[in-house]
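Asker: One structure is given below, represented as structure tokens, and several questions about it will come after.
In our numbering, the protein residues as written are -17 to 181.
Following this line, the structure appears as structure tokens:
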């Protein structure tokens, strides 16, 4: 049976932040994983780049069995509507499943309170503190780094889709660390610098 990875996308989601992760899970995972999308409703969600996605699930129909919940950044995580995702994040966190957030979605994780006891990063510590408010008490755990994984929590800033993907691939054990590193180097360094990874 395939393992399900849930990707939360909201209106004006950052399509580039999801592209590397989903394709790498599919290619390196060799058919072990199902990529599914979740949004506030089952209506079309449009990315910043104009891609329109019809979500597989709305927040009321999310399956109980899944391997990871990945929040993709975008322009609407700071809206009141986004608060509806909080329960889903809390459930994932309490179950100890892999939980990731990139760009403004990492700030949302801070607002939910799941970053207080783990090493993490985001776009900017001052922005994180200001927007997450009193729910966030993890300043001493903040690391100014492209992506950070601590236990099952993965965070990244908006310029780090490759690093975010690499940490998620490792957390899920999608492939061996050598294969994941080969994949990362190939896409990060380019075709003429790194050798093509073996799938």
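Yeah, the Cβ is synthetic: ideal placement off N, Cα and C, and Gly gets one too.
Throw me the rounded Cβ distance for the residue 187 and residue 31 pair, which I believe falls under 8 Å.
Answerer: The chain is shown only over -17 to 181; residue 187 falls outside these bounds and no answer can be derived.
Asker: Using DSSP bridges, identify the partner residues of residue 89.
Answerer: None; residue 89 has no bridge partner.
Asker: For the candidate residues 92, 14, 100 and 179, whose alpha-carbon lies nearest to that of residue 106?
Answerer: 92
Asker: Taking a contact to mean a Cβ-Cβ separation below 9 Å, would you say residue 74 touches residue 51 in this structure?
Answerer: With respect to residue 51, residue 74 sits close: the two C-beta atoms are nearer than 9 Å.
Asker: Indicate the three-state DSSP secondary structure (helix, strand or coil) for residue 76 in the structure shown.
Answerer: Note: residue 76 maps to helix in three-state DSSP.
Asker: Flag this pair as yes or no: are the beta carbons of residue 29 and residue 56 separated by less than 9 Å?
Answerer: yes
Asker: Quick test of the definition: if touching needs 3 or more C-beta pairs under 8 Å, does the segment 121 to 137 touch the segment 155 to 167?
Answerer: no
Asker: Measure the alpha-carbon distance for residue -16 versus residue 15 and round it to whole angstroms.
Answerer: 5 Å
Asker: So for residue 14, helix, strand or coil by DSSP?
Answerer: coil
Asker: Give the list of continuous beta strand (DSSP E) stretches no shorter than 3 residues that lie fully inside the segment 95 to 172.
Answerer: 129 to 132 and 135 to 138
Asker: Which residue from 39, 62 and 5 puts its Cα closest to that of residue -10?
Answerer: 39
Asker: Extract the residue ranges of the alpha helix (DSSP H) inside the segment -5 to 78, only unbroken runs of 4 or more that lie entirely within it.
Answerer: -3 to 10 and 68 to 77
Asker: At which residues does the beta strand (DSSP E) containing residue 186 begin and terminate?
Answerer: The question about residue 186 has no answer, for the chain in this structure spans -17 to 181.
Asker: Using the beta-carbon count (16 or more within 10 Å), is residue 175 buried or exposed?
Answerer: exposed
Asker: Use the C-beta contact count for residue 139: other C-beta atoms within 10 angstroms, 16 or more gives buried, fewer gives exposed.
Answerer: buried
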